[in-house]
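Undergrad: Going letter by letter, the sequence shown gives residues 26 to 442 in the working numbering.
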Amino acid sequence: MKNVTYLTSQRNQLKKKKIIINLHLHKPGLFDNHSIQITSMSLIKSKLKPFFLFLVFLINVGPAPSAARGLHVINFRSPNLYPEGLAWDPSAQHFVVGSLLHRSLHSVSDTGVTQTLISDPDLPVNSTILGLAVDRTNNRILAVVQSVRPLPTFNALAAYDLRTRQRVFLALLLEDREGESAAAKATTTRHAANDVAVDFRGNAYVTNSAANFIWKVDEDGVASVFSRSPAFTAHPLAVDRDAQFSKCGLNGIAYVSKGYLLVVQSNTGKMFKVNAEDGDARLVLLTEDMVWADDIAIRKDGVVLVASTHSLWFLKSEDSWGEAVVYDKTALEAEKFATSVVVGDDDRAYVLYGHVIEGIMGNVGREEFSIEEVRSSKESEDDNILLFVLIGLGLAYFLFWRFQMKRLVKNMDKKIS
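(1) Assign Leu433 to one of three DSSP states: helix, strand, or coil.
(2) Work out the CA separation of Thr153 and Phe270 for me, nearest whole Å.
(3) Using alpha carbons as the reference points, say which of Val242, Val309, Val173, Tyr352 lies closest to Val193.
(4) Assuming Glu383 is part of the alpha helix (DSSP H), what are its boundary residues?
(5) Just confirm the distance between the C-beta atoms of Leu111 and Phe120, as a whole number of angstroms; I'd bet it's less than 8 Å.
(6) Name the DSSP bridge partner or partners of Met296?
(7) Taking C-alpha atoms, which residue in Val159, Asp135, Ser116 lies nearest to Glu398?
(8) Decide if the segment 285-299 is in contact with the segment 215-234; the criterion is three or more beta carbon pairs, one per stretch, under 8 Å apart.
(9) Going by DSSP, name the residue or residues bridged to Ile278.
(10) Would Asp372 and Lys325 qualify as a contact pair, given that the criterion is a beta-carbon distance under 8 Å?
(11) Buried or exposed: where does Arg128 fall if 16 or more other Cβ atoms within 10 Å of its Cβ makes it buried?
(12) Which residues in the same chain as Thr312 place their Cβ atom closer than 8 Å to its Cβ, once the five residues preceding and following it in sequence are excluded?
(13) On a CA-only basis, which of Arg266, Ala268, Phe257 is nearest Val299? Give me that one, please.
(14) Does DSSP put Asp303 in a helix, in a strand, or in coil?
(15) Distance, Cα to Cα, Ala117 vs Leu125?
(16) Tell me whether the beta-carbon of Ala332 lies closer than 8 Å to the beta-carbon of Val368.
(17) What residues are listed by DSSP as bridge partners for Tyr17?
(18) Could you say which of Ser132, Ser252, Gly95, Asn151 lies nearest to Arg102 if we only look at CA atoms?
(19) Out of Asn233, Pro104, Val376, Val122, point me to the one whose CA is closest to Thr178's CA.
(20) Going by beta carbon distance, what residues of the same chain come within less than 8 Å of Glu383, once the five residues before and after it are set aside?
(21) With H, G and I counted as helix, E and B as strand and the rest as coil, what does DSSP make of Asn371?
(22) Exposed or buried, what is Thr334 when buried is set at 16 or more other beta-carbons lying within 10 Å of its beta-carbon?
(23) Less than 8 Å between the C-beta atoms of His216 and Ala196, yes or no?
(24) Identify, in the order they occur along the chain, each residue of the same chain with its Cβ nearer than 6 Å to the Cβ of Leu340, setting aside the five sequence neighbours on each side.
(25) Quick test of your reading: Arg165 and Leu187, contact by CB under 8 Å. State the CB separation rounded to the nearest angstrom.
(26) Judging by CA-CA distance, which residue of Val169, Val150, Trp240 is the nearest neighbour of Leu176?
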């Protein structure tokens, strides 16, 4: 009797559970069409999210549309300025130029607004401001000062505080001939300071274009001869000896953070790697000599830019400048007489068209000059190829996503039916 009662009780409990289960199964909205549509939309949204994230990724990491934007051209006006040197001041976000005929430095904005930054009447009358460099460590602008014939010889490096705009020092660069060979001493070469580079300690390095050596000026303005390497005079001229600037040797100079300098030589087209500690110099083996090379600059990606009046060379090295490849060359407007190249904002390359040859020849009166962006055509082509590859990847991802969505909708339709 007890067993019958127990079985009856268990049967009743099972019926209750069955009823509860049935009620839950038939709860309105759980598996009806509206619910399935909501679930489908949620799934689609979850699938869309990674697709849009991928698109954002393409936009952010894809190549900058450099080819799409025009070249940045800055026209600026200053009567009889004829600037030879150019520098970029990243703190002030403007360019700095010197002058062939004036004892002054001028700032040039990206829209061409020109202001006198520094005027130094204590410099010799009619002296020329040549190479420029910004000393970020000490917040200074360094300027090579030179007097050309028929004026008496004068070579110096001037340092100015960028905050106060006052001169910090004027270091005279003397014609110390102690280390010269007998043949060199027998000549009456007029020494000529030309370009300047600065290291992270504030030491400056100035090229002597006529005598082919490098001066060093420390942050206190103490000058000395730094390097008279025989490598600088070991190569024949690559230009006509009777050409106007055939005696212009060591010229543009740049400091590399790994502890060496890169220097170009105008009349041979050679480049040298100079140890910043002891002045030891070695020839950089190039795929092409850069005859009449004038100035040099280095981009953040390690690409070296070398400018002459007619060309801008783009160079790369895989062995810290034991060897280098000229992978592109862009023609410049020779009649505008480019003399300097810098790397400005966003790692963009700019050349200075200062029409200096007009000032040298006495054809004064010009008021307008320009700073113009220059790009590598090969780099622009590579950017376009990479952009198309990324677009192709995006399209492939979209087609795959679309296929997945079709499968999802089919599965949902089956469940609804």
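The C-beta atom is built at its ideal place from N, Cα and C for all residues, glycine as well.
TA: The answer reads as follows:
(1) DSSP, read as helix, strand or coil, puts Leu433 in helix.
(2) Straight-line spacing of the CA atoms in Phe270 and Thr153 works out to 17 Å.
(3) Taking the Cα of Val193 as reference, the smallest distance to any Cα among Val242, Val309, Val173, Tyr352 is reached at Val242.
(4) 381-385 is the span of the alpha helix (DSSP H), which, as asked, contains Glu383.
(5) Leu111 to Phe120, Cβ: 6 Å. Contact.
(6) Paired residues: Val289.
(7) Checked all of Val159, Asp135, Ser116; the closest Cα to Glu398 is Asp135.
(8) With the cut-off at 8 Å, the segment 285-299 and the segment 215-234 touch.
(9) Partner(s): Val288.
(10) Yes, the pair counts as a contact, with Cβ atoms nearer than the cut-off.
(11) Arg128 comes out buried.
(12) Here the set comprises Ala349, Val350, Val351.
(13) Checking every option, the nearest Cα to that of Val299 belongs to Phe257.
(14) Coil at Asp303, not helix or strand.
(15) Computed Cα separation, rounded: 24 Å.
(16) In this structure, Val368 does not lie closer than 8 Å to Ala332 by Cβ.
(17) Since the first residue of the chain shown is 26 and the last is 442, residue 17 is not available in this structure.
(18) It is Ser132 whose Cα lies nearest to the Cα of Arg102.
(19) For the residues Asn233, Pro104, Val376, Val122, the minimum Cα distance to Thr178 belongs to Asn233.
(20) Here Glu383 has Tyr107, Phe362, Val389, Arg391 as same chain residues with Cβ atoms under 8 Å from its own Cβ, once five neighbours each way along the sequence are excluded.
(21) Reading off the sequence, residue 371 comes out as Asp, not Asn. In the structure shown, Asp371 adopts helical secondary structure according to DSSP, grouped into three states.
(22) With 16 or more Cβ atoms within 10 Å of its Cβ, Thr334 is classed as buried.
(23) Against a cut-off of 8 Å, the Cβ pair of Ala196 and His216 comes out as no contact.
(24) For Leu340, the CB contacts under 6 Å within the same chain, skipping 5 residues up- and downstream, are Val329, Ala349, Val351 in chain order.
(25) Your pair Arg165 and Leu187 checks out as a contact, with CB atoms roughly 6 Å apart and the cut at 8 Å.
(26) It is Val150 whose Cα lies nearest to the Cα of Leu176.
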